[in-house]
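Input: a single structure, listed below in structure tokens.
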Amino acid sequence: MVVTLSKDYFVESIKKIAEMIEKERNYLTKLDSDIGDGDHGINLSIGFREVTKRLSELNENTEDISSFLKKVGMTLLGKVGGASGPLYGSFFMKMGTDVKGKEVVTFEEFIKMIDNGVAAVEMRGKAQVGDKTMIDSLRPGADYLKESDPNGRELEIFKEFIEVLKQGAKNTDPLIAKKGRSLRLGERAIGHRDPGAESSYLIFKAFYESFQDSDEKNRIKNGESMR
Amino acid sequence: MGRLINDGYDVVEEMLEGYTKVHSDYVRFSEESDRVIVSKVMSEEPRVRIILGGGAGHEPMFLGYVGKDFADAAVIGNVNTSPSPEPCYISVKEVDSGKGCLYLYGNYAGDVLNFDMGAEMAADEGIRVESVSVKDDVYSSTNFEDRRGVAGDLIVFKTAAAAAAKGYDLDKVVQLTEKANRNTFSLGVALSSATLPVTGEAIFEMNEGDMEVGMGLHGEPGIERKKLKPANEVIDEILNHLLERSPIKEGDETLVMINGLGSLPLMDQYICYRRVDQVLEEKGIIIDRSLVGNYATSMDMIGMSVTLVKLDNELRELLAASCDTPYFKQ
Chain A
1 MVVTLSKDYF VESIKKIAEM IEKERNYLTK LDSDIGDGDH GINLSIGFRE
51 VTKRLSELNE NTEDISSFLK KVGMTLLGKV GGASGPLYGS FFMKMGTDVK
101 GKEVVTFEEF IKMIDNGVAA VEMRGKAQVG DKTMIDSLRP GADYLKESDP
151 NGRELEIFKE FIEVLKQGAK NTDPLIAKKG RSLRLGERAI GHRDPGAESS
201 YLIFKAFYES FQDSDEKNRI KNGESMR
Chain B
1 MGRLINDGYD VVEEMLEGYT KVHSDYVRFS EESDRVIVSK VMSEEPRVRI
51 ILGGGAGHEP MFLGYVGKDF ADAAVIGNVN TSPSPEPCYI SVKEVDSGKG
101 CLYLYGNYAG DVLNFDMGAE MAADEGIRVE SVSVKDDVYS STNFEDRRGV
151 AGDLIVFKTA AAAAAKGYDL DKVVQLTEKA NRNTFSLGVA LSSATLPVTG
201 EAIFEMNEGD MEVGMGLHGE PGIERKKLKP ANEVIDEILN HLLERSPIKE
251 GDETLVMING LGSLPLMDQY ICYRRVDQVL EEKGIIIDRS LVGNYATSMD
301 MIGMSVTLVK LDNELRELLA ASCDTPYFKQ
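Order-wise, the sequence lines are chains A and B. Residue 1 is where the first sequence starts when you use full-length UniProt numbering, and the numbers rise one by one after that. Residue 1 is where the second sequence starts when you use full-length UniProt numbering, and the numbers rise one by one after that.
Written as structure tokens, this is what we have:
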């Protein structure tokens, strides 16, 4: 059976991300206080509160997954500012580049979407793995997905992908920053996790949880139809 | 510390609403964006337009300098966060008079990203926009390009505006602005953190009676945390660092600015200025012009910075040029 993801899945995922951001706001803000200017969680919450406020409008006024995600990205870009606005904004705006017009995507297409989103962040932020940024979790995660063979193991692969992101965020602990506001800290950034790498992991964890939910629903639905 | 606000998520909108009402002789909101403040007293003749911008929380920085012969617009982001690309672009549409615009902001990754995207949007419509990011905080990096912008913003912005007011073209305005940027050196000390409006908490922990020399305008860590010392000793330490990291030497003419970070009494600031004046006189460094006050703050942070500007005839003249805004008149 081919696993597919509907537009509803993306809408639900965005809802889950917004809930997660509210829950983790002070934690992300604390990480940012250690090596930045202490507002990462607050800025993401400003952005996702606006997305939540407009979510049904964004959903109803868009035909396909690509344009829905683009609107989410544009809302973040317009509301957040700072570095995370353009970076997460670009991520969502470019995620749907290859699936224009589709209301449903396969898991393989979803993998490509993530890779496109990560590439957009790399292009905008000009960061590489090892710079102590979001890319330290996003790039290894996207690469892991591209090299995997998810056929029939989608949920498992998704879970492993989350683990790779989590590890990528952890990997920023001992790094000296080469981008962003912590750049000027030099060795004093060592021992602190990059807040962007951590929020990237948490955002995909929300995508995963929403995938688990839809997978469960599908199983129940399939079970019922077999009866 | 206590803040007298309503919902922390509304602070920027509510502040801007109050500001535009009080200073309605000087400024108005853009009709396209509630984050763009536009001058009502712009020159009638076309000239290079000066647009300032950055995060909120540094008042009067950015919005307070929109007025006659200074900035033509300011773009305001969330607290400590650069504005997004669209208002940056809208500000250009509001003020451009065919001679191009100059974006001016402190050198932070977020500001560079968003203003660059705004400039790209303007370029698509054939409007030329250049950018200069201020890099005066000498402690933030040994590499000039990586330095962040703090109180020296005012000096660099003022230079740019005076050059534009003289009718210079965009290339010449950029060149003079960069010259001011290269000759402005700042270093600060913080005694406490600012309080974030949304959480009501300090950005960073600091024990009462401690200080940190070199701390940034958003609470970025400085050189080291130690016990607070008398003003003269703190100023001596700051000046040592500043003179070591700048080319300023005996016989040079300078502008000196003492900038309060929000909650340091003016009394203390003048006491600090007195010591700077003493030390520079001992060293044979000439003070041509001086400023003391809260020019670029970090909300309720207790602290101050010293800025030294190495002057030549051109910079002296531009920095002395008259202008009239709600927070800077001369």
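Where a beta carbon is used, it is the ideal one built from N, C-alpha and C, also for glycine.
P265(B) has a beta carbon lying at 8 Å or more from every beta carbon in chain A. R49(B): member of the beta strand (DSSP E) spanning R49 to A56, first to last residue. A residue is called buried once 16 or more other Cβ atoms fall within 10 Å of its Cβ, and E154(A) is buried on that count. Within a 10 Å sphere around the beta-carbon of M267(B) sit fewer than 16 other beta-carbons, which makes this residue exposed.
Not one beta carbon of chain B lies nearer than 8 Å to the beta carbon of I176(A). Distance between L165(A) and S200(A), taken at the CA atoms: about 8 Å. Annotated as distal: V309(B) and L242(B), with beta-carbon spacing of 8 Å or more. Here D171(B) carries a helix assignment [DSSP, helix/strand/coil]. At least one beta carbon of chain A lies nearer than 8 Å to the beta carbon of Y9(B). With contacts defined by Cβ atoms closer than 8 Å, I50(B) and D72(B) form a contacting pair.
The alpha carbon of N43(A) has as its nearest neighbour, out of N218(A), D64(A) and V80(A), the alpha carbon of V80(A).
The DSSP assignment places 65 to 80 as complete runs of the alpha helix (DSSP H) inside the segment 51 to 93 of chain A, in order along the chain (cut-off: 4 residues). Its Cα nearest to that of L319(B), the residue T159(B) stands out among T159(B), G110(B), N240(B) and T184(B). Across the segment 114 to 130 of chain B, CB contacts with chain A closer than 8 Å involve N114 and M117, in sequence order along the chain. Closest by C-alpha distance to A321(B), out of V79(B), V27(B), I155(B) and A123(B), is I155(B). Its Cα nearest to that of T133(A), the residue I35(A) stands out among Y27(A), I35(A) and K15(A). Beyond the five residues adjoining it in sequence on each side, A127(A) comes within less than 6 Å, by CB distance, of T133, I135 and K179 in the same chain, given in chain order. Secondary structure note for I114(A): its alpha helix (DSSP H) is the uninterrupted segment F107 to G125. Unbroken alpha helix (DSSP H) runs of no fewer than 4 residues, entirely contained in the segment 218 to 244 of chain B, are found at 231 to 244, following chain order. By the Cβ test, the segment 166 to 180 of chain B is not in contact with the segment 200 to 207 of chain B, since fewer than three Cβ pairs between them sit closer than 8 Å.
Excluding its 5 nearest sequence neighbours in each direction, F115(B) has C-beta neighbours in its own chain below 7 Å: G53, C88, Y103, Y105 and S131, listed in chain order. The continuous stretches of alpha helix (DSSP H) do not include G77(B), which lies in the beta strand (DSSP E) extending over residues A73 to V79.
Beta-bridge partners of L102(B) (DSSP): I50(B) and E130(B). F62(B) counts as buried, since no fewer than 16 other beta carbons sit within 10 angstroms of its beta carbon. Of V213(B), S84(B) and P46(B), the smallest CA-CA separation from S97(B) is found for P46(B). V99(A) has its alpha-carbon roughly 8 Å from the corresponding atom of E109(A).
Put simply, the backbone Cα of Y88(A) is about 33 Å away from that of L187(B). Its Cα nearest to that of V292(B), the residue G262(B) stands out among I286(B), F29(B), G262(B) and M301(B). Within the segment 196 to 217 of chain A, not one residue has a Cβ closer than 7 Å to any Cβ of chain B. Counting every other CB atom within 10 Å of its CB across the protein chains shown gives E122(A) a total of 16 or more, marking it as buried.
Among the residues of the segment 79 to 94 of chain A, those with a Cβ less than 9 Å away from any Cβ of chain B are K79, V80, G81, G82, A83, S84, G85, P86, L87 and G89, in the order of the chain. Looking only at L191(B), D252(B), E281(B) and D277(B), the smallest Cα-Cα distance to S290(B) is reached by D277(B). If you keep only unbroken beta strand (DSSP E) runs of at least 3 residues inside the segment 250 to 298 of chain B, you get 253 to 260 and 286 to 293. Taking 9 Å as the Cβ-Cβ cut-off, the segment 80 to 91 of chain B approaches chain A at N80, T81, S82, P83, S84, P85, E86 and P87, given in chain order. Any Cβ of chain A closer than 8 Å to the Cβ of A190(B) would place that residue at the interface, and such an atom is absent.
Judged by DSSP secondary structure, G303(B) falls within the beta strand (DSSP E) whose first and last residues are G303 to K310.
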